[in-house]
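The sequence shown begins at 2 in the numbering used here and counts up one residue at a time.
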Amino acid sequence: MAQNDSTAFPVSFEFFPTKTAEGAAKHVNVRQELYARKPEFCSVTYGAGGSTQEGTFRMVQAIQDEGVAAASHFSCVGATHAKVREELAQLQTMGVKRIVALRGDLPSGYGLGGEFQYASDLVAFIRKEFGDWFHIEVAAYPETHPQAKSPDADLQAFATKVKAGADSAITQYFFNAYYRFVEGIQALGIQIPVVPGIMPITNSSQLMRFSDATGAEIPRWIRLRLQAFGDDVASIRAFGLDVVTHLCEQLRSQGAPGLHFYTMNQSTATLELCRRLGL
Ligand code: FAD
């Protein structure tokens with residue numbers, strides 16, 4: 002399997018672990034279709050509290066076996082140093098070189114506790130225990146993390162993660178606000194690449210649900226158009242492709258260092274976006 006061409010504009014794809022053998026078998030085809038776009042890496046999410054650890058590592062291993070660089074997301078909330086050390090050592094043994102280091106959100110029902118408070122604690126721990134083995138990505142929130150005390154406090158928290166040893170960042174998806182965030186961190190002396198996270202629009206109710214949960218704002222004009230389409234899936238997809246293609250074109254022409262697609266474990270919309278963007 003060909004890896005990415007270093008002269009090409011970098012793209013990466015995000016997946017979540019499949020839950021069934023049937024889902025896993027179908028996802029092999031999704032990955033193969035997406036590999037044709039020569040991603041820099043493919044990442045796999047990790048349920049907070051370690052809830053998906055096995056499934057995450059299984060998919061990470063499959064991606065590595067398919068000859069593509071895999072990144073494991075890794076959330077530290079509720080975890081002990083010993084457990085995190087053990088799991089990271091497992092990823093190192095698997096030959097994984099890239100981690101998306103996160104705090105995560107504990108599902109309700111899990112107690113607090115654990116030996117990490119913020120993602121910056123995890124980044125510092127990885128650097129202390131594993132040196133430069135891992136390329137460390139961290140999460141960025143152009144529209145401010147929902148629990149942040151203020152936008153400025155969130156920028157400071159981001160700077161703390163970077164100073165702890167992060168190499169680059171991937172953003173929450175957004176439909177505006179990226180450059181204000183980049184200017185904000187540059188003003189704090191932070192220069193790492195911040196790759197926009199891109200959410201294809203294929204389903205109105207799913208997008209609204211995610212946006213309510215993550216605080217990623219859907220501009221009023223997009224929300225109104227989506228509502229007006231009702232159950233007309235074809236029109237939603239056509240509109241979604243136009244909106245997201247335009248967003249990606251703008252980001253690319255104004256200097257974004259790459260694009261990270263939230264594929265939702267599907268290939269169709271992401272492939273069409275890549276085709277339209279000539280990626
Ligand atoms: P942090 O950077 O620790 O920030 C969390 C909050 O604490 C912020 O409000 C921040 O402002 C504040 N804060 C940080 N440091 C300090 C400090 N020193 N003092 C005071 N306040 C501080 N979740 C998963 O469970 N699994 C995944 O695989 C996953 N993948 C993701 C991938 C991307 C690209 C993104 C953007 C998010 C992902 N998430 C994932 C969601 C993420 O776990 C949540 O958004 C979580 O609430 C915050 O994680 P974080 O790593 O950004 O936390």
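Backbone N, C-alpha and C define an ideal beta-carbon position, used for all residues, glycine too.
Reference residue i, options the options, closest by Cα
i       : options                             : result
Gly-114 : Ala-80, Met-95 and Ile-64           : Ala-80
Thr-203 : Phe-240, Tyr-174 and Thr-94         : Phe-240
Glu-67  : Leu-189, Glu-273 and Arg-32         : Arg-32
Gly-96  : Ile-191, Val-78 and Phe-131         : Phe-131
Thr-21  : Phe-10, Glu-34, Pro-40 and Glu-55   : Glu-55
Phe-17  : Asn-266, Phe-75 and Thr-271         : Asn-266
Ala-125 : Leu-92, Thr-246, Lys-162 and Lys-27 : Lys-162
Ser-268 : Ala-9, Val-101 and Lys-27           : Lys-27
Gln-62  : Val-78, Leu-272, Leu-274 and Arg-99 : Arg-99
Tyr-263 : Leu-272, Thr-53 and Gln-91          : Leu-272
Enclosing alpha helix (DSSP H) for residue i [first to last residue]
i       : result
Cys-273 : What sits at residue 273 in the sequence shown is Glu, not Cys. Here the alpha helix (DSSP H) through Glu-273 covers 269-278.
Tyr-36  : 22-36
Asp-213 : 205-215
Phe-58  : 54-66
Pro-152 : 152-164
Phe-126 : 120-131
Leu-225 : 221-230
Where residue i sits in the DSSP three-state scheme
i       : result
His-247 : helix
Val-183 : helix
Val-78  : coil
Glu-41  : coil
Phe-16  : strand
Phe-10  : coil
Met-2   : Because the pLDDT at Met-2 is just 42, under 50, the model does not fix this residue reliably, and the point stays unresolved.
Ala-235 : helix
Gly-190 : coil
Gly-48  : coil
Met-265 : coil
Leu-242 : helix
Glu-116 : coil
In DSSP terms, what residue i is bridged to
i       : result
Arg-99  : Ala-72 and His-136
Ile-1   : Nothing can be reported for residue 1: it is not among the residues displayed for the chain, which extend from 2 to 280.
Leu-92  : Note: Leu-92 sits in no beta bridge, so no partner.
Leu-260 : Val-12
Any non-hydrogen atom of ligand 2 closer than 7 Å to residue i Cβ
i      : result
Met-95 : This structure lacks ligand 2; the ligands present are ligand 1.
- Message: Any residue with its Cβ nearer than 5 Å to a heavy atom of ligand 1 should be included. What is that list in chain order?
- Response: Summarising the contact set, residues whose Cβ lies nearer than 5 Å to any heavy atom of ligand 1 are, in chain order, Thr-46, Tyr-47, Ala-49, His-74, Ser-76, Leu-103, Arg-104, Gly-105, Asp-106, Tyr-119, Ala-120, Ala-140, His-146, Gln-148, Ala-149, Asp-155, Ala-158, Ile-171 and Gln-173.
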